[in-house]
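Chemist: Following this message is one structure expressed as structure tokens.
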Amino acid sequence: MTSSQTTITAPTLDLLARPSGGFAMVAMDQRESLRQMFAAATGERVGDETLTGFKLAVAREVGPHRARPWSTR
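So in the numbering used here, spot 43 of the sequence shown is number 48, and the numbers just go up one at a time.
In structure tokens form, the structure reads like this:
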């Protein structure tokens, strides 16, 4: 590589990983698992309204990046 070439670093998921290197994941259709995670984080049981709001927020953020098997990207 010459001095005029630039090295491109591929993005990683390191910022999303736990200190152990693993990832915490939950399916958005797992209502009680989500409820338990919220309770662990907040110290209180959350209602359906909170879960619905969270699921909608996730869908808005992740939706545009979803895999589309029929697309050519």
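Yeah, the Cβ is synthetic: ideal placement off N, Cα and C, and Gly gets one too.
Please list, in chain order, all residues of the same chain as Arg-64 whose beta carbon is under 6 Å from its beta carbon, the five residues on each side excluded.
Modeler: What sits at residue 64 in the sequence shown is Ala, not Arg. Hits under 6 Å: none found.
Chemist: Pull up the distance between the alpha-carbon of Ala-15 and that of Leu-21, whole angstroms please.
Modeler: Their Cα atoms are separated by approximately 15 Å.
Chemist: Only counting runs of 4 or more residues, tell me where the alpha helix (DSSP H) segments fall wholly within the region 10-61, in order along the chain.
Modeler: You should have 36-47.
Chemist: Apart from the five residues on each side of it in sequence, which residues of its chain come closer than 7 Å, Cβ to Cβ, to Met-33?
Modeler: The answer, listed in chain order, is Lys-60, Val-63.
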